[in-house]
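In this note's numbering, the protein residues as written are 99 to 619.
Cβ atoms here follow ideal geometry from the backbone N, Cα and C, with glycine treated the same way.
Structure, as structure tokens:
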């Protein structure tokens, strides 16, 4: 990757000493993961960054007491440690987010200002633009162009219906070797392998051209229209040829937005808790790469480097972790919930025009580490608040203790409503065109100016909803002072999701919380 991103690169939290805990090699059991949490707690870490979890919905937890990360992060929270956790890479369908516990910070991925483009030159002079990180230099040499569906590995049991996707070993090696292959759909580098010895590959699909992958051979992903034009050229001549150029860096004018792979809400376990919480850069990220792993991840690829271009919520999560450490370094006594609140309420709002799922794609918005240092107000919560929430979700003492790991109990006196959990976001699920009225009770702690008056405003007021904040002004006389308010929402909705936001402002600080009302399905 030395040809790209030349210059001095500095990561967030670059002065932080990391503690790396091994949890998996070729898989692990729950006890290993929980042991890693316990080891981190014992070692006194400040923040936990967890970039692992299931992407297959069959293995998603169906309750918090069945979720090892919910349990481990609860234990961390009790010790004053915030857990920053990936939202997952199983998007873009609804309810694909796996990490939904309210005491941890769920991080979605977003695009950044740069993207990597790769050009395809055809023998007739036409040029098409796609995406990939292609480090191979074919010197603009034209190679024979073939369609993968025309060269199946019949001796291996494949036919055109499968070979057209270009999975490794699905093509006839004798017919693929030394040629550039046009493939239907898009598969990742490790599924493609070396594509039966092909000189290169052109993938055409209807998938958005967002993620630039590193393949073990020259490769590029083009959109469906361009792919069809390439196919038409291939079939129009007896000697079709093409070449794939080295990639180049370009600006991404529409960034940031959430890419398709980033997991979406709503929350599978507690529908009235908004997830994901926040978004951070997770596409085309320069990341450290182990010298024993090929750039493409394909065995036999001899290219190795200290850094690689990677994408995923596992790239986004460390950004938020570093920001959390940054905030905590200036506020060492802040609780995990206070740090989480500071990150969420200062996030930069994102646009639903680029992500129709709105907050279920990006949560509170794009991470803003500088603003997070001075949030003005924070929504704080502690172990007792989460215990009350769990008891209110129908937990008995046995299930509760699986999570808490202590002698906590559920009684008639500690059953809390989900709408009263002191989160920096508001979510309510309902049915289409059904009248409802709901009240959210919240408490904010003053961490801005000792003497200050905050006034509430509702941004993007939905026409079918009445949203009222009581009281609509909060006057603080000291730092650390806590004041209470209620958000009342009444009405009905005629679309799948309706978004708004509550902003508390004293003229200096803007404390923003997303409000989401959506149709429960």
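Pairing residue 174 with residue 205 gives a Cβ-Cβ distance that is not under 7 angstroms. Excluding five sequence positions before and after residue 176, the CB atoms of its chain that fall closer than 7 angstroms to its own CB belong to 481, given in chain order. When the five nearest sequence neighbours on each side are left out, the beta carbons in the same chain lying within less than 7 angstroms of the beta carbon of residue 291 are those of 266, 314, 396, in order along the chain.
With fewer than 16 other CB atoms across the displayed protein chains lying within 10 angstroms of its CB, residue 569 is exposed. Per DSSP, the beta bridge partners of residue 567 are 585. Of the candidates 517, 251, 432, the residue whose Cα lies closest to the Cα of residue 490 is 517. The C-alpha of residue 541 lies about 30 angstroms from the C-alpha of residue 208. Contact holds between the region 370 to 387 and the region 451 to 470, because three or more Cβ pairs, one in each stretch, are under 8 angstroms apart. Each of 363, 616, 601 was checked against the Cα of residue 609, and the nearest Cα belongs to 601. Assignment of residue 327 by DSSP, reduced to helix, strand and coil, places it in the helix class.
Within the DSSP secondary-structure output, residue 355 pairs in no beta bridge. Pairing residue 363 with residue 458 gives a Cβ-Cβ distance under 7 angstroms. Separation of residue 270 and residue 231 (C-alpha to C-alpha, rounded to the nearest whole angstrom) is 26 angstroms.
By the Cβ test, the region 411 to 419 is not in contact with the region 216 to 223, since fewer than three Cβ pairs between them sit closer than 8 angstroms. Residue 282 sits in a strand when the DSSP states are folded into three classes. With a beta-carbon spacing of about 6 angstroms, residue 215 and residue 346 fall inside the 8 angstroms limit used to define contacts. Excluding five sequence positions before and after residue 488, the CB atoms of its chain that fall closer than 6 angstroms to its own CB belong to 498, given in chain order. Going by DSSP, residue 499 is part of no beta strand (DSSP E) but of the alpha helix (DSSP H) stretching over 495 to 502.
Rounded to the nearest angstrom, the Cβ distance from residue 139 to residue 382 is 34 angstroms, too far for a contact under 8 angstroms. Per the DSSP secondary-structure output, residue 610 pairs in a beta bridge with 601.
Between residue 245 and the set 280, 386, 321, the nearest pair of CA atoms involves 280.
Using a Cβ-Cβ distance cut-off of 8 angstroms, the region 384 to 401 and the region 187 to 197 are not in contact, since fewer than three pairs of beta carbons, one from each stretch, lie closer than that value.
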